[in-house]
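**Student:** Residue numbers (my numbering): 4 to 118. For each residue, glycine too, the CB sits at the ideal point set by N, CA and C. Structure in structure tokens, see below.
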């Protein structure tokens with residue numbers, strides 16, 4: 004079973020989620036998405052698995068969200084996805100992929116539902 008975690012080691016929830024997976028004997032493929040952003044296809048697939056709209060996966064408290072006026076409702080999904088790809092800090096974290104499903108580790112225990 005291939006399991007991936009889109010991880011930010013500076014984020015406490017991301018670290019807690021990774022630790023929880025490891026405690027359950029899961030050794031996920033750790034993707035530090037701030038260093039290597041997902042591709043457009045990967046991000047679109049993640050959104051589909053989460054059944055979320057792009058804005059729902061965005062960290063609205065980030066300065067870049069405000070600076071780029073990403074709250075503007077006239078922006079298309081494509082524009083929001085492009086913003087996340089260009090500024091991966093905007094992507095909510097951590098995201099775990101397993102068994103063709105995805106979950107956001109907020110709280111960390113949420114990811115156990117897809118294992």
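Express the C-alpha separation of residue 20 and residue 77 in angstroms, rounding to a whole number.
**Tutor:** Mapped onto the chain shown, residue 77 falls at position 74. Mapped onto the chain shown, residue 20 falls at position 17. So the two alpha carbons sit approximately 34 Å from each other.
**Student:** Which residue comes first and which comes last in the alpha helix (DSSP H) that contains residue 68?
**Tutor:** If you number the chain shown from 1, residue 68 lands on position 65. That run of the alpha helix (DSSP H) goes 66-70.
**Student:** If we call anything under 8 Å between Cβ atoms a contact, is residue 93 one with residue 68?
**Tutor:** Working through the chain shown from its first residue, we reach residue 93 at position 90. Working through the chain shown from its first residue, we reach residue 68 at position 65. Going by C-beta atoms, residue 93 is nearer than 8 Å to residue 68.
**Student:** Name the DSSP beta bridge partners of residue 29, please?
**Tutor:** Walking along the chain shown from the start, residue 29 turns up at place 26. Residue 29 pairs with nothing; no bridge assigned.
**Student:** Give me whichever residues DSSP pairs with residue 35 in a beta bridge.
**Tutor:** Within the chain shown, residue 35 is the residue found at index 32, counting from 1. Paired residues: 10.
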